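Following: one structure in structure tokens, then a few remarks.
Residue numbers (the working numbering): 297 to 619.
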């Protein structure tokens, strides 16, 4: 095991200990995306209830000309850098357009899952043989800091899939401020936001009848068992999702079905769960236009362009560093 892996494992153990020692208990969605978690999330994106993928894909497919025009305003060449690339389905729409139009660009997907990055690179190399692809695995900010003064070309950062929705509001603000610090004045940030809508539509997206979202959440317990020598019995926990329209936020929990004690070997500790005790797993924040505008302004950005789908379910917002 290398030093980087040991450090990541130590941080994982610390975060699990902190979360399960708190009241109420919580686990970080940051750790959902091991290789199995990434695979399950790709399955979620295919679900009919999970409208987010279709809505964003519609924006990228139908408004590609306008997106390209916004990307290249003031600069004809750029490096496309995607944070949390996943399977690259939506990005492929942009890449295909850029290649067909002889755009001078490179593509660098960043993900914490080596398996996901390798699979994406293989698919893109096969589909786009001429594409200059530079896959990267690791922490977004460390990688972006190392790239900041690399070649003087405009960097366009993609943060698609409403990934920002997994951040609490204060964490989202810190995230964007940190991104601003590692961006040059001519760089751009292209972000996907899931918009406020019918609460019933939102709730179905996080509580699918096939149980894939439940498996996705439970997989984190499986990861703790494997990597931290724990003895979670997954059958003693169930997935529960709620949506609070006043806060514009969906939340996911794992509920302990009985009173139980779990031992985590890496921590040399036992953790007790009461019957029906919730463990908070994830927030999926939804946004209104004023919320997006406020977030951009407070984190040091101006909104350059806004792209909406036909139903106003979803927004891809293009930001530039404020002067």
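Each residue gets a CB set at the ideal place from its N, CA and C atoms; glycine is no exception. These numbers come from a predicted model, not from an experiment.
Extent of the continuous alpha helix (DSSP H) to which residue i belongs
{"i": "residue 417", "result": "410 to 423"}
{"i": "residue 380", "result": "Note, residue 380: premise wrong, no alpha helix (DSSP H); not H, not E."}
{"i": "residue 592", "result": "585 to 594"}
{"i": "residue 361", "result": "360 to 367"}
{"i": "residue 439", "result": "436 to 443"}
Three-state secondary structure (DSSP) of residue i
{"i": "residue 514", "result": "helix"}
{"i": "residue 557", "result": "strand"}
{"i": "residue 568", "result": "strand"}
{"i": "residue 491", "result": "strand"}
{"i": "residue 428", "result": "coil"}
{"i": "residue 603", "result": "strand"}
{"i": "residue 544", "result": "coil"}
{"i": "residue 405", "result": "strand"}
{"i": "residue 503", "result": "coil"}
{"i": "residue 450", "result": "strand"}
{"i": "residue 613", "result": "strand"}
{"i": "residue 372", "result": "coil"}
{"i": "residue 334", "result": "helix"}
{"i": "residue 321", "result": "strand"}
{"i": "residue 484", "result": "strand"}
{"i": "residue 254", "result": "As shown, the chain starts at 297 and ends at 619. That puts residue 254 outside it, with no answer to give."}
{"i": "residue 472", "result": "helix"}
{"i": "residue 308", "result": "helix"}
{"i": "residue 458", "result": "coil"}
{"i": "residue 400", "result": "strand"}
{"i": "residue 466", "result": "helix"}
{"i": "residue 328", "result": "coil"}
{"i": "residue 315", "result": "helix"}
{"i": "residue 343", "result": "coil"}
{"i": "residue 598", "result": "strand"}
Cβ separation of residue i and residue j, assumed to be a contact under 8 Å, to the nearest whole Å
{"i": "residue 497", "j": "residue 347", "result": "7 Å"}
{"i": "residue 488", "j": "residue 352", "result": "5 Å"}
{"i": "residue 525", "j": "residue 560", "result": "7 Å"}
{"i": "residue 511", "j": "residue 336", "result": "6 Å"}
{"i": "residue 573", "j": "residue 369", "result": "Going by Cβ atoms, the distance from residue 573 to residue 369 rounds to 52 Å, so no, they are not a contact pair."}
{"i": "residue 359", "j": "residue 603", "result": "5 Å"}
{"i": "residue 462", "j": "residue 578", "result": "6 Å"}
{"i": "residue 601", "j": "residue 366", "result": "4 Å"}
{"i": "residue 558", "j": "residue 566", "result": "7 Å"}
{"i": "residue 484", "j": "residue 616", "result": "6 Å"}
Buried versus exposed call for residue i [16 or more other C-beta atoms within 10 Å across all chains shown]
{"i": "residue 404", "result": "buried"}
{"i": "residue 535", "result": "buried"}
{"i": "residue 581", "result": "buried"}
{"i": "residue 372", "result": "exposed"}
{"i": "residue 528", "result": "buried"}
{"i": "residue 544", "result": "buried"}
{"i": "residue 607", "result": "exposed"}
{"i": "residue 513", "result": "buried"}
{"i": "residue 342", "result": "exposed"}
{"i": "residue 409", "result": "buried"}
{"i": "residue 397", "result": "exposed"}
{"i": "residue 509", "result": "buried"}
{"i": "residue 542", "result": "exposed"}
{"i": "residue 501", "result": "buried"}
{"i": "residue 507", "result": "exposed"}
{"i": "residue 451", "result": "buried"}
{"i": "residue 319", "result": "exposed"}
{"i": "residue 546", "result": "buried"}
{"i": "residue 314", "result": "exposed"}
{"i": "residue 467", "result": "exposed"}
{"i": "residue 438", "result": "exposed"}
{"i": "residue 334", "result": "buried"}
{"i": "residue 317", "result": "exposed"}
{"i": "residue 538", "result": "exposed"}
{"i": "residue 422", "result": "exposed"}
{"i": "residue 522", "result": "exposed"}
{"i": "residue 435", "result": "exposed"}
{"i": "residue 326", "result": "exposed"}
Proximity test, Cβ basis, 9 Å: residue i and chain B
{"i": "residue 365", "result": "The chain inventory of the structure shown lacks chain B, comprising one protein chain alone."}
Residue range of the unbroken beta strand (DSSP E) whose run includes residue i
{"i": "residue 540", "result": "533 to 540"}
{"i": "residue 580", "result": "574 to 581"}
*Contact between the region 377 to 390 and the region 418 to 433: three or more CB pairs below 8 Å?*
With a cut-off of 8 Å, the region 418 to 433 and the region 377 to 390 count as touching, because enough Cβ pairs lie within range.
*How do the region 470 to 490 and the region 444 to 460 stand: do at least 3 beta-carbon pairs fall below 8 Å, yes or no?*
Yes, the region 470 to 490 is in contact with the region 444 to 460.
*Pairing CB atoms from the region 465 to 477 with CB atoms from the region 588 to 605, are three or more of them under 8 Å?*
A contact exists between the region 465 to 477 and the region 588 to 605.
*Examine the Cβ distances between the region 455 to 465 and the region 390 to 408 and report whether three or more of them are shorter than 8 Å.*
The region 455 to 465 is not in contact with the region 390 to 408.
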